[in-house]
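Visitor: Residue numbers (this note's numbering): 78 to 418. Sharing a structure here in structure tokens format.
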Ligand SMILES: *Cc1c(COP(=O)(O)O)cnc(C)c1O
């Protein structure tokens, strides 16, 4: 079923075969890849399949390796999904206000976007999504917890969309580590047209290494792997990711601190006169509606504090998106917002 959703030329594509594809195992002399033979940290090409990293992710997530794609950030997975699935005349579906990369990835290939805005309370418009599917939307992007609103979709929400979609449904879980609710990964076996995105950029603290994850049906994952550039995750990133993924204690500790601070910021910001609403968040950021957000943005900037202005997004008038920082950083933010008149 999933094979039918792939573009025919992608289905037919034979991926590039690297020197390291044609020989796996270990040898004493490598004269197969035109590398510089003088050993240093980086003279060899990286593993094109991220085998060691994939094994570790497989253990951490409880998913088979065939269901795992590792990309140069989840942004690469978004781009590859568009390339694998959307044909000229077809469209992607987004649910604004949401992450901007979905639309950019589609538009960069000349595809249009059907926007099915969430309602004012940031719940999904299921009928609107089904209608968009009928109009030629073949790739739907949901984001949970959603950037910038912070809300997490329930299993029921996601299944509603999956049941009524004839295309592929992506659930972007970049912020899942901070959320109370479960990952949509538990739905993968039941719904082959579901793809879940996660990343090492947020909770794992590796935004600079650019390592993103996509989980899905093995056929679809194989298609993404054929489409990607052969050495999409460089050797340094693979090595560092593997190192960091060993320290689950540090990870858990940091997530816990960030979640605790998120709750403190929510409660403290809500007490401030110029703050009209702090939306409940399952991520590591808060969407905050304030009186005169433009002036507050500038006032914060003057004090060296940069936040994100989201007031131009659907249903987000007056809203700033504020990332949860360290305890000391959050204290500085609170002091600055309290002093704003
Ligand atoms: C930050 C973020 C990502 C992460 O992208 P990477 O390319 O993995 O760094 C993905 N999706 C959303 C919604 C995000 O906010």
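Every residue, glycine too, gets a C-beta built ideally from N, C-alpha and C.
1) Is the Cβ-Cβ distance between residue 219 and residue 190 less than 8 Å?
2) If you count every other CB in all the chains shown that lies within 10 Å of the CB of residue 281, and 16 or more means buried, which is it?
3) Distance check for residue 352 and residue 339, CA to CA, integer angstroms please.
4) DSSP state of residue 212, grouped into three classes?
5) Do residue 156 and ligand 1 come close, with the Cβ less than 7 Å from some heavy atom?
6) Can we count residue 176 as close to ligand 1, meaning its CB is less than 7 Å from some heavy atom?
7) At a cut-off of 7 Å, would you count residue 289 as near ligand 1, judging by its Cβ distance to the nearest heavy atom?
8) If distances are taken between C-alpha atoms only, which option among 87, 252, 366 comes closest to residue 388?
9) By a C-beta neighbour count over all protein chains shown, 10 Å radius and 16 as the cutoff for buried, is residue 309 buried or exposed?
10) Is residue 151 near ligand 1, in the sense that its beta carbon is under 7 Å from a heavy atom of that ligand?
11) Short check: CB of residue 286 to CB of residue 235, under 8 Å?
12) Does the beta-carbon of residue 251, which I'm using as the reference point, lie nearer than 7 Å to any heavy atom of ligand 1?
13) Can you check which of these residues, 283, 105, 154, 133, is closest to residue 424 by C-alpha distance?
14) At a cut of 8 Å, does the region 149–167 reach the region 268–283 through at least three beta carbon pairs?
15) Can you tell me whether residue 93 is buried or exposed, with buried defined as 16 or more other CB within 10 angstroms of its CB?
16) Suppose the cutoff is 6 Å on Cβ atoms and the five residues either side in sequence are ignored; what does the same chain contact list for residue 360 look like?
17) Quick one, are the C-beta atoms of residue 225 and residue 364 less than 8 Å apart?
18) Could you tell me the alpha carbon to alpha carbon distance between residue 150 and residue 126, rounded to whole angstroms?
19) Flag this pair as yes or no: are the beta carbons of residue 122 and residue 104 separated by less than 8 Å?
20) Would you be able to state if there are at least three C-beta pairs under 8 Å between the region 261–271 and the region 133–147?
Guide: To lay it out plainly:
1) Against the chain shown, residue 219 aligns to sequence position 142. Against the chain shown, residue 190 aligns to sequence position 113. Against a cut-off of 8 Å, the Cβ pair of residue 190 and residue 219 comes out as no contact.
2) As a first step, residue 281 must be located in the chain shown, where it is residue number 204. Counting Cβ neighbours within 10 Å, residue 281 comes out buried, since at least 16 surround it.
3) Reading the chain shown from its first residue, position 262 is the one you call residue 339. Reading the chain shown from its first residue, position 275 is the one you call residue 352. The alpha-carbon atoms of residue 339 and residue 352 are separated by roughly 16 Å.
4) Residue numbering aside, residue 212 sits at position 135 when the chain shown is read from its first letter. Three-state result, residue 212: coil.
5) In the chain shown, the residue the question calls residue 156 occupies position 79. No, ligand 1 has no heavy atom inside 7 Å of this Cβ.
6) Here residue 176 is taken as the residue at index 99 of the chain shown, counted from 1. At least one heavy atom of ligand 1 is nearer than 7 Å to the Cβ of residue 176, so yes.
7) Here residue 289 refers to the residue found at position 212 of the chain shown. Within the cutoff, so yes.
8) For the purposes of this step, residue 388 is taken as residue 311 along the chain shown, with counting starting at 1. Comparing Cα positions, the closest option is 366.
9) Locating residue 309 in the chain shown gives position 232, where the first residue counts as 1. Per the 10 Å Cβ criterion, buried.
10) Residue numbering aside, residue 151 sits at position 74 when the chain shown is read from its first letter. Indeed, a heavy atom of ligand 1 lies less than 7 Å from the Cβ.
11) Along the chain shown, read from residue 1 onward, the residue named residue 286 stands at position 209. Along the chain shown, read from residue 1 onward, the residue named residue 235 stands at position 158. Contact: no.
12) Residue mapping note: residue 251 aligns to position 174 of the chain shown, counting from 1. Correct: residue 251 has its Cβ closer than 7 Å to ligand 1.
13) Coverage of the chain is limited to positions 78 through 418, which leaves residue 424 absent and any answer about it impossible.
14) yes
15) Working through the chain shown from its first residue, we reach residue 93 at position 16. It is exposed - the Cβ of residue 93 has fewer than 16 other Cβ atoms within 10 Å.
16) In the chain shown, counting from the first residue as 1, residue 360 sits at position 283. Same-chain partners within the cutoff: 222, 227, 252, 255.
17) Counting from one through the chain shown, the residue named residue 225 turns up at place 148. Counting from one through the chain shown, the residue named residue 364 turns up at place 287. A contact, by the Cβ cut-off of 8 Å.
18) In the chain shown, the residue the question calls residue 150 occupies position 73. In the chain shown, the residue the question calls residue 126 occupies position 49. Near 15 Å, if we compare the C-alpha coordinates of residue 126 and residue 150.
19) Working through the chain shown from its first residue, we reach residue 122 at position 45. Working through the chain shown from its first residue, we reach residue 104 at position 27. The answer is no: Cβ separation not under 8 Å.
20) yes
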